[in-house]
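As given, the protein sequences belong to chains R and F, one line each in that order. Mind the numbering: the first sequence is residues 1 to 259 in the numbering used here, read in order. Mind the numbering: the second sequence is residues 1 to 282 in the numbering used here, read in order. Heads up, the beta-carbon is just placed ideally off N, CA and C, and yes, glycines get one too. Keep in mind it's a predicted model, so treat the numbers as computed, not measured.
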Amino acid sequence: MAAKTKVAADRKPVVVVDNAHIVYKVYASGRRATRAGAGGGLFSKKLKLQEVHAVKGVSFTIYEGESVGVIGSNGSGKSSLMRALAGLTPLSDGAIYAFARPNLLGVGAVLLPALSGEKNVLLGGLAMGFSKKEISAKVEDVTAFAGLEDFIGLPMRTYSSGMSARLRFAIAAAKDHDILIIDEALAVGDQDFRNRSEARMREMRQNAGTVFLVSHSMKSILDTCTRVIWLEKGEIRMDGDPKKVTDAYNKYVGSTTID
Amino acid sequence: MSIEDYALANGLKRVGARQPLTKYVAEAVRRLDFAYTLASFTNEATNAKSRLGSWWNILLPTIQAGTYGLIFGLILGASKPDNFLPFLFTGVFLFSFIQSAFTQGAGAIVSNAGLVRSLSFPRVLLPISVVISSVIALAPQLLVLLVVLIFTAQPITWGWLMLIPLVILMTIFNLGLSMITARLTVHMQDLNKLIPFITRILFYTSGVFFSVDKIFSTETLLTKLIRINPIFEFLNLARGYLVQGYQVHAEEWISVSIWSIALLVFGLIFFWGAEERYGRED
């Protein structure tokens with residue numbers, strides 16, 4: 001581990017992940033849904049404390065100017081690791097160091113669905129640390145970026161999933177993040193929006209920002225990333241050149257889906 | 001060189017590490033705008049669903065006080081406190097102010113899980129936002145209370161202005177209270193089930209609808225317990241200024257001030273202690 005970090009002493013690290021473990025503790029009966037389990041009475045189903053080891057000892061170092069794609073099957077620990085990077089999920093063991101607090105932009109990000117898009121922009125901006133004046137001045141830009149001019153006054157619960165994902169991305173992109181993590185956000189927008197957001201991501205990267213992109217779309221990974229990390233069952237399977245890693249991943253997915 | 005030394009030598013900081021208390025508080029104060037906006041938007045969102053909207057803010061406690069007035073007025077009969085209606089309205093309105101901090105504070109983190117998981121900000125802003133939203137709801141209720149006082153022919157005095165420092169102290173008290181319940185429910189979600197009972201017990205032991213002097217002829221352990229209950233003292237003070245026939249006990253000012261400040265300081269430190277834990281999914 002230590003040898004790896006010595007090699008790149010001349011490059012400036014922005015994120016260092018050191019042996020990160022994430023264990024979820026879940027109370028569950030741990031029994032399969034069979035008919036035999038039914039009718040056992042109120043107290044007979046004992047709840048067991050089960051541990052789910054989502055991320056198992058992941059280590060890597062990201063250097064200035066890199067934009068990193070994160071790929072892997074569903075349940076491989078990508079989202080858990082990204083939430084830990086943003087400081088939203090505490091690690092069970094190990095540590096993550098970063099040059100600035102990474103900001104996570106996920107499709108799951110919930111604001112207040114009963115309120116209009118415009119009010120959600122204000123709220124999201126304030127939560128990211130903008131002052132009221134700053135974010136009020138940006139509302140129009142954010143709306144235009146999301147392409148929601150006609151709908152910004154409607155409650156967010158009336159938006160389609162694509163529309164609300166676009167708005168959330170637009171809110172997060174209003175700020176120049178030093179480190180931004182995007183979890184599948186681009187998969188939902190239409191082509192026009194995808195082009196705009198990819199352009200914005202490139203712009204952010206040029207402003208010395210680091211971008212993590214979690215996606216199942218190899219095309220957007222290849223278009224935007226300079227390095228790819230492949231996670232499988234909570235461990236790093238491969239880490240390096242985007243073309244090489246995505247090729248290997250495609251081969252792996254192909255071989256596992258045939259059986 | 002260990003990885004930690006390497007990271008720290010390059011100016012990196014551990015992600016998710018809790019800030020020192022003074023920095024934490026400064027950051028929270030700097031972002032109070034967020035708490036305030038969240039509070040007023042949440043109020044708006046809850047009221048948007050009903051036709052009468054924000055009128056429910058004053059209708060609900062008024063109906064509540066009316067119901068209690070009818071039932072307890074009949075049950076208590078002759079042992080009703082003097083000036084029953086203004087006594088009761090003062091009690092119910094101010095008690096529900098504290099109650100909202102207690103019950104909504106309990107949900108401040110748990111029911112805002114989406115916000116906590118997707119954005120990073122000092123989490124203490126959530127219980128603060130709950131209290132701000134209850135202050136916003138209280139303002140029109142106080143107007144209703146004043147109308148009730150005037151209708152029941154209470155003399156209008158300068159003493160009514162003492163309601164302002166009293167509400168400020170209650171707000172400080174509520175801030176501490178909501179920070180404590182916000183953290184407790186994160187550790188034990190089961191607590192949410194008990195909260196209705198705890199508020200019931202507080203309701204019955206705070207003298208919201210009865211006068212301790214009238215019901216209990218002798219001082220017992222129970223009456224002593226009621227008298228050191230800060231909520232009882234808050235209500236007592238308010239009645240001393242607002243309702244005819246009740247005296248202000250100056251020592252209660254000292255007592256509620258100590259309670260409020262102590263609860264805020266303790267609540268803040270207690271809440272901050274688990275800052276890294278909020279948002280974990282277990």
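Selection from the options that minimises the alpha carbon distance to residue i
| i | options | result |
| --- | --- | --- |
| F/Trp160 | F/Gly176, F/Gly240, F/Gln104 and F/Val92 | F/Gly240 |
| F/Thr103 | F/Phe121, F/Ile198, F/Thr223 and F/Ala250 | F/Ile198 |
| F/Ala17 | F/Asn10, F/Thr67, F/Ser120 and F/Phe151 | F/Ser120 |
| R/Val211 | R/Pro242, R/Phe169, R/Asp223 and R/Asp178 | R/Asp178 |
| R/Lys243 | R/Gly254, R/Met218, R/Tyr252 and R/Val253 | R/Met218 |
| F/Ala139 | F/Pro61, F/Leu38 and F/Gly11 | F/Pro61 |
| F/Ala137 | F/Tyr246, F/Pro20 and F/Glu44 | F/Glu44 |
| R/Asp192 | R/Asp176, R/Ile182, R/Gly75 and R/Arg166 | R/Arg166 |
| R/Ile261 | R/Gly87, R/Asn103, R/Ser76 and R/Thr143 | The requested residue 261 of chain R does not occur in the structure, where chain R is confined to residues 1 to 259. |
| R/Val26 | R/Asp223, R/Glu51 and R/Asp18 | R/Glu51 |
| R/Asn19 | R/Ala54, R/Asn74, R/Asp93 and R/Val68 | R/Asp93 |
| F/Leu237 | F/Arg183, F/Leu166 and F/Thr181 | F/Leu166 |
Start and end residues, alpha helix (DSSP H) containing residue i
| i | result |
| --- | --- |
| R/Ala266 | One cannot answer for residue 266 of chain R here, as it falls past the ends of chain R, which runs 1 to 259. |
| R/Met163 | Ser161 to Ala173 |
| F/Ile109 | Looking at the DSSP string, F/Ile109 is not in any alpha helix (DSSP H), and its letter there is neither H nor E. |
| R/Leu224 | For the record, residue 224 of chain R in the displayed sequence is Thr; it is not Leu. Unbroken alpha helix (DSSP H) run through R/Thr224: Met218 to Thr224. |
| R/Ile96 | From DSSP, R/Ile96 is part of no alpha helix (DSSP H) but of the beta strand (DSSP E) over Asp93 to Ala98. |
| F/Ala26 | Leu21 to Arg30 |
| F/Ile75 | Trp56 to Leu76 |
Short CB-CB distance (under 9 Å) between residue i and chain F
| i | result |
| --- | --- |
| R/Pro13 | yes |
| R/Tyr249 | no |
| R/Leu91 | yes |
| R/Val16 | yes |
| R/Gly209 | no |
| R/Gly129 | yes |
| R/Lys243 | no |
| R/Ala28 | no |
| R/Leu85 | yes |
| R/Tyr97 | yes |
| R/Gly75 | no |
Test: residue i CB closer than 9 Å to a CB of chain R
| i | result |
| --- | --- |
| F/Thr42 | yes |
| F/Lys224 | no |
| F/Gly114 | yes |
| F/Lys13 | yes |
| F/Ser120 | yes |
| F/Ile3 | yes |
| F/Thr37 | yes |
| F/Tyr285 | Given that chain F is displayed from residue 1 to residue 282, the structure contains no residue 285 of chain F and the question cannot be resolved. |
| F/Asp33 | yes |
| F/Gly207 | no |
| F/Gly53 | no |
| F/Ala48 | yes |
| F/Ala45 | yes |
| F/Glu233 | no |
Close beta carbons around residue i, own chain, < 7 Å, minus the five adjacent residues each side
| i | result |
| --- | --- |
| F/Ser206 | Phe95, Asn229, Ile231, Phe232 and Leu235 |
| F/Met162 | Tyr241 |
| R/Gly72 | Lys78, Trp230, Leu231 and Glu232 |
| F/Pro86 | Val148, Leu149, Thr152, Gln154, Leu242 and Val243 |
| F/Lys214 | Ser79 and Pro81 |
| R/Tyr63 | Ala8, Arg11, Lys12, Pro13 and Val14 |
| F/Pro122 | Tyr24, Glu27, Ala28 and Arg31 |
| F/Val15 | none |
Close beta carbons around residue i, own chain, < 8 Å, minus the five adjacent residues each side
| i | result |
| --- | --- |
| F/Asn192 | Ala106, Gly107, Val110 and Thr185 |
| R/Ser116 | Ile152, Gly153, Leu154, Pro155 and Met156 |
| F/Leu177 | Ile98, Ala101, Phe102, Gly105, Leu263 and Gly267 |
| F/Val208 | Tyr68, Leu88, Gly91, Val92, Phe95 and Leu235 |
| F/Thr171 | Val131 and Val135 |
Opening and closing residue of the beta strand (DSSP E) in which residue i lies
| i | result |
| --- | --- |
| R/Trp230 | Arg227 to Glu232 |
| R/Leu180 | Ile179 to Asp183 |
| R/Ser59 | Lys48 to Tyr63 |
| F/Tyr246 | Counting along the chain, F/Tyr246 falls outside any beta strand (DSSP E), and DSSP gives it neither H nor E. |
| R/Glu235 | Glu235 to Gly240 |
| R/Pro13 | Pro13 to Ala28 |
Residues near residue i in its chain [Cβ-Cβ closer than 6 Å; skip 5 each side]
| i | result |
| --- | --- |
| R/Val262 | Missing from the structure shown is residue 262 of chain R; chain R here goes from 1 to 259 and no further. |
| F/Arg200 | none |
| F/Leu145 | Phe89 and Phe93 |
| F/Gln141 | Ile58, Pro61 and Phe93 |
| F/Tyr246 | Arg239 and Gly240 |
heavy atom of the ligand SAM below 8 Å from residue i C-beta
| i | result |
| --- | --- |
| R/Gly209 | This structure does not include the ligand SAM; it has no bound ligands of any sort. |
- Would you check if the stretch 73-87 of chain R and the stretch 113-130 of chain R touch, i.e. whether three or more CB-CB distances between them fall below 8 Å? no
- Query: Between the stretch 206-226 of chain F and the stretch 123-132 of chain F, are three or more C-beta pairs nearer than 8 Å?
  - Reply: no
- Item | Validate contact between the stretch 52-60 of chain R and the stretch 232-246 of chain R using beta carbons, cut 8 Å, 3 pairs | yes
- Message: Check whether the stretch 83-94 of chain R and the stretch 269-279 of chain F touch, using three or more Cβ-Cβ pairs below 8 Å as the test.
- Response: yes
- Message: Taking contact to mean 3 or more Cβ pairs, one atom from each stretch, closer than 8 Å, check whether the stretch 133-147 of chain R and the stretch 44-64 of chain F are in contact.
- Response: no
- Mind checking the stretch 208-229 of chain R against chain C and listing, in chain order, the residues whose C-beta falls within less than 7 Å of any C-beta there? As a matter of chain content, chain C is missing from the structure shown, whose protein chains are R and F.
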